[in-house]
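Chains as they are written, first to last, in this note's numbering: chain A, 21 to 570; chain B, 26 to 351.
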C-alpha cells in the first residue's frame with residue numbers, strides 16, 4: 021500500500037511537471053473554457069458501440085470516453101494509480117487482487133457502480149456469453165482469470181490460476197477489447213442489441229448521443245461526472261458539451277478538412293502531412309505506442325534464421341539513421357530496444373546489439389561459414405541466405421522502413437524478401453508462419469514489461485517459434501527468464517527481470533530486430549487544448565476544451 | 026412467350042444461387058480464418074486455443090463445411106445471412122441500413138449521367154461547327170479515363186477546401202450529395218454518351234430522317250420525335266454495364282467522401298474478411314443484377330415488335346442467339 025502511495029505521489033509530480041512545461045504551455049496559462057463541440061476525425065469507424073467488443077482504434081478510443089477502468093496507468097511513469105478503485109492489495113504470489121472501490125460512482129442510468137457490477141463485467145468479459153452472442157473478448161488480456169469474489173458492496177477480489185503481475189496493468193487497459201465497465205442492464209443485452217448506442221451504459225465522462233456506422237459517433241457530456249482519475253487533477257464534468265468523431269478514410273480529406281475548418285483536430289496524420297500542417301499553424305501532438313517496437317520477430321526454428329549469426333548480422337547490418345532521415349518524422353523514433361521507451365524497465369541497446377556495424381555483421385557471417393555467391397548473396401552448403409519477411413501495411417512507415425533495411429542487408433550479402441500485406445492477409449499467413457516465414461513484423465500495444473513474456477515465451481505467444489529445433493537456444497532459460505515478469509510487482513526486482521528479459525531476447529539469442537517505435541499523431545487547431553494520450557496512447561477528452569467554447 | 030419468361034426467370038435464380046455458392050466456396054476455402062481477425066494480429070499467437078474454438082463455434086465455423094453450407098443456404102432463402110463477424114449486427118439489417126444512401130447516390134448519379142450523356146450526344150450530333158463536334162465527341166472517352174478517386178479529390182480541393190461551398194464529408198443534407206453525385210456521374214455518363222453519339226449519328230443517316238426532312242420537319246422535331254426513341258433501345262442494353270459502373274464507382278465515391286453506403290461497407294467487409302457480410306452483399310448485388318437483366322429481357326419484346334413476333338411463333342432460342350450477337 022505504501023508503495024502504491026509513493027507511486028501516486030511520483031505520478032502526480034510528473035504529471036504536474038509535464039503539464040506545466042510541456043507542449044501545452046498556452047493551455048497552462050489560460051483557464052479552460054466550458055462548452056463547445058469538438059469535431060475530431062479519424063480513419064476507422066466504430067463497428068459496434070460496445071467498448072468491450074471493439075478491436076480497432078476508433079472503438080477503443082471512443083470506449084475510453086464512455087467508460088472508466090479500475091485503475092489509471094500514468095503515461096509518463098507507467099505507475100498504476102487509483103481510478104474507480106481507490107486502493108488495492110494483492111497476495112504475495114500475485115494470484116489474488118483485492119480492490120476497494122469508490123463508493124460514489126454511478127452508471128449514467130443512475131444505477132450504482134459496485135462490487136456486483138465489477139464481478140458481472142469481468143465474468144462476461146473473460147468467458148463471453150454464447151446465448152447472447154457475446155465473445156470472450158477479455159480472455160487474451162486476463163489470461164488465467166478464475167473468478168471475481170464480491171467481498172462487500174465496495175470490495176472485490178479477482179483471482180487467477182497463476183501469478184499475474186501484469187493484471188494490475190490490465191486493470192487500467194484502454195486499448196482494444198478493453199475492460200471498460202458496463203451497467204448490469206447492458207450486460208444482459210445480446211451483441212445485436214448492444215449496437216443500439218443508447219443502451220450502452222457506462223460510468224464515463226461522456227454518454228452516447230448517436231452512432232452512425234461508417235459516418236460518425238457523437239458523445240455528449242455526462243452530467244454529474246466527478247470521478248476522473250485523480251492523477252489528471254480534473255475536477256467535475258468534462259469541459260466540452262460534445263465530441264463528434266467523424267470517420268474520414270482518405271488522408272487528404274482529413275488534412276483538407278482540418279485546414280478548411282470543417283474539423284478541429286484529426287488523428288491518423290500521415291508522416292508526409294505533419295510538416296505541411298505544422299507550417300500552416302496546426303499543432304502536432306503525438307505519443308509513441310507503448311509496448312514493443314515495430315520489430316522483426318525471427319523464426320528461430322527455420323533455416324536460415326535458425327542461425328544465431330544470421331540473426332545478429334541482421335540486427336547490426338542496417339543503418340538506422342537512414343530510416344530516421346528518410347522515413348520517420350520527429351513524432352517517431354528509431355528502436356533502441358524491443359520495448360518502447362515508455363515501458364517501465366526499458367533499456368537502451370543502441371550502443372551494443374542494436375548499433376549499425378556492417379563490418380561486424382560481415383565478420384559474423386564469415387565465421388559462420390556464409391560465403392558471398394556470384395550475385396553477392398551469401399551461400400552456405402549450397403543454400404542461399406534468403407530471409408522471408410511477412411509484414412503488415414497498416415502503418416505508412418512500415419514498408420519504406422523495411423525497404424531501407426532490405427537495401428542495407430543486401431550490401432552485406434543477405435537477401436531479405438518482403439511481403440507486406442493488409443491485416444487479413446497477414447492474419448491468414450500468420451497461421452503458417454512457423455513453417456514458411458523467417459520473420460513476422462508487427463508491434464504489440466501493451467504498456468507492461470510482461471508483454472515480452474506474452475509475446476516471446478514458449479509458454480505463451482512464442483512469436484520466435486522457439487522449439488527443440490532452435491539450435492543453441494536454451495528453451496528452459498527463456499521460459500524461466502520471461503516467466504519471472506509475471507511473478508513480482510516490486511519495482512526494483514521487476515526492473516531487474518525486465519533488463520534480463522531484454523538482454524536475452526535482444527542480445528544473447530537475438531530473437532528480434534527492433535526497427536522503429538510507432539506513434540499516434542494528432543494535428544489540432546490552435547484553439548484546441550487538453551486532448552490526452554494515456555499510457556496505451558489512446559485519447560481521452562475529459563480534460564479537452566476549445567478556447568472559443570464553440 | 027411463357028417459355029421465354031420462365032427461361033429468363035430460371036437464369037436469374039441460377040445466377041443468385043451461383044453467387045451464393047461461389048462466395049461460400051471462395052470464402053470458406055480461403056486460407057484466412059475469420060476468427061483470427063477478431064484479435065490484434067500481434068496477439069494471435071497468444072490467444073488460447075479454447076478461446077479460438079469458442080469464438081468459431083459462436084459463428085458456426087466449427088461445423089463441417091457441408092452442414093455450414095446447407096444451414097447458411099436455408100437461412101439465406103429466408104433472407105437471413107447471419108450476423109456480421111465484425112459488429113455482431115445482422116447482415117440483412119446492416120445492408121438495409123446503408124442501402125437507401127447508396128440507392129440515392131446511384132439513382133441521382135444515373136439521372137445526372139443520362140442528362141450529361143444526352144446533352145453530349147445532342148451537341149455532338151447537331152452542332153454545326155466541326156471543332157465543337159470533335160471536342161464534344163471526345164468528352165466521353167475522357168470521362169471514362171479519369172479515375173473516380175482523382176476527380177473526387179479534385180472536386181473536394183476546389184469546392185470544399187478552397188471555396189468552402191460544400192461540406193467535405195458525411196451525410197449532412199443535399200449539400201453533401203452534390204460533389205459525390207458529380208464524381209460518380211462523370212464516369213457513368215461516359216459509356217452512355219459514347220453509345221448515344223454513335224446511335225444518334227446512325228439514326229440521323231437513316232432513311233426515315235431524310236424522309237422526315239423532305240416532308241419539312243425541323244431538325245429538333247426529328248430528334249425528339251424519332252431519333253430519341255429509336256436510339257434509346259440500345260441504351261437499355263447497357264443498363265447492366267452502367268449498373269456495374271455505379272456499384273464500382275460508389276465504393277470509391279463513398280470512401281473519398283466518407284459517406285455511409287453499400288460500397289464502403291463492401292470494402293470494409295472485404296478488408297476485415299467479414300465473411301457473412303461479404304456473402305450477404307455479394308448475393309444482394311447478384312440478385313440486383315439478375316433482376317435488372319430480367320427486366321431488360323422482359324422489356325425487350327415489348328419495345329421491339331420483331332422480337333415479339335418471333336416469340337409468339339416460338340423461335341425463342343434463335344431470337345436469344347440473335348440478340349446476344351446484336
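Beta carbons are placed, not taken as given, at the ideal position from N, Cα and C, and that holds for glycine.
Within chain A, partners of residue i - CB distance below 7 Å
i                      : result
residue 67 of chain B  : 462, 463, 464
residue 17 of chain B  : Residue 17 of chain B lies beyond the stretch modelled for chain B, which goes from 26 to 351, so this question has no answer here.
residue 181 of chain B : 273, 276
residue 220 of chain B : Correct list: empty, because the minimum Cβ distance to chain A is about 32 Å.
Buried/exposed call for residue i, threshold 16 Cβ in 10 Å
i                      : result
residue 466 of chain A : buried
residue 82 of chain A  : buried
residue 382 of chain A : buried
residue 496 of chain A : exposed
residue 344 of chain B : Confidence at residue 344 of chain B is low in this model, with a pLDDT of 44, below 50, so its placement is unreliable and the value that follows should be read with caution. Its Cβ being crowded by 16 or more others within 10 Å, residue 344 of chain B is buried.
residue 50 of chain B  : exposed
residue 444 of chain A : buried
residue 39 of chain B  : exposed
residue 566 of chain A : buried
residue 337 of chain B : exposed
residue 306 of chain A : buried
residue 83 of chain B  : buried
residue 236 of chain A : buried
residue 335 of chain B : buried
Of the listed residues the options, nearest to residue i (C-alpha basis)
i                      : options                    : result
residue 301 of chain A : A:312, A:284, A:290        : A:284
residue 270 of chain B : B:123, B:336, B:214, B:300 : B:214
residue 446 of chain A : A:434, A:436, A:459        : A:459
residue 126 of chain A : A:118, A:136, A:119        : A:136
residue 310 of chain A : A:379, A:194, A:416, A:555 : A:555
residue 385 of chain A : A:425, A:332, A:162        : A:332
residue 33 of chain B  : B:334, B:329, B:331, B:324 : B:324
residue 183 of chain A : A:502, A:243, A:92         : A:502
residue 159 of chain A : B:310, B:156, B:69         : B:69
residue 114 of chain A : A:524, A:509, A:530        : A:509
residue 106 of chain B : B:142, B:307, B:326        : B:307
residue 116 of chain A : A:69, A:478, A:178         : A:178
residue 219 of chain B : B:205, B:231, B:267, B:240 : B:267
residue 100 of chain A : A:251, A:345, A:329, A:564 : A:251
residue 273 of chain B : B:151, B:210, B:189, B:228 : B:210
residue 67 of chain B  : A:73, A:449, A:58          : A:449
residue 240 of chain A : A:256, A:277, A:518, A:260 : A:260
The ligand HEM heavy atom lying under 7 Å from the CB of residue i
i                      : result
residue 314 of chain A : Among the components modelled here there is no ligand, and therefore nothing to report on the ligand HEM.
Beta bridge counterpart(s) of residue i as assigned by DSSP
i                      : result
residue 109 of chain A : A:118
residue 410 of chain A : A:439, A:460
residue 92 of chain A  : A:101
residue 115 of chain B : B:108
residue 572 of chain A : Residue 572 of chain A is absent from the structure shown; chain A starts at 21 and stops at 570.
residue 559 of chain A : A:553
residue 307 of chain A : A:540
residue 14 of chain A  : Any question about residue 14 of chain A goes unanswered here, given that chain A covers just 21 to 570.
residue 168 of chain A : A:178
Beta-carbon neighbours of residue i, restricted to chain B and to distances below 9 Å
i                      : result
residue 459 of chain A : None at all; the shortest Cβ gap to chain B is about 14 Å.
residue 279 of chain A : 186
residue 130 of chain A : Neighbours of residue 130 of chain A on chain B: none; closest Cβ ~26 Å, over 9 Å.
residue 190 of chain A : Ordered by position in chain B, no residue passes the 9 Å Cβ test against residue 190 of chain A, which lies about 13 Å from the chain.
residue 482 of chain A : 70, 71
Interface partners of residue i on chain A, CB under 9 Å
i                      : result
residue 313 of chain B : Here the premise fails: no neighbours, minimum Cβ distance about 20 Å.
residue 79 of chain B  : 147, 148, 150, 155, 156, 159
Beta-carbon neighbours of residue i, restricted to chain B and to distances below 7 Å
i                      : result
residue 446 of chain A : 66
residue 267 of chain A : 283
residue 474 of chain A : 71
Chain B residues whose Cβ lies nearer than 8 Å to that of residue i
i                      : result
residue 443 of chain A : 62, 66, 296, 297
residue 214 of chain A : 113
residue 332 of chain A : Per Cβ cutoff of 8 Å: no residues; residue 332 of chain A is ~23 Å from chain B at best.
Within the segment 172-245 of chain A, ranges of the alpha helix (DSSP H) (whole runs, at least 4 residues): The qualifying runs are 187-190, 204-207.
Identify every run of the alpha helix (DSSP H) within the segment 162-244 of chain B, keeping only runs that are complete inside it and at least 4 residues long; order them along the chain. Within the segment 162-244 of chain B, the complete alpha helix (DSSP H) runs of at least 4 residues are 173-180, 200-230, 232-239.
Could you tell me which whole beta strand (DSSP E) segments of length 3 or greater appear in the segment 344-407 of chain A? 398-400
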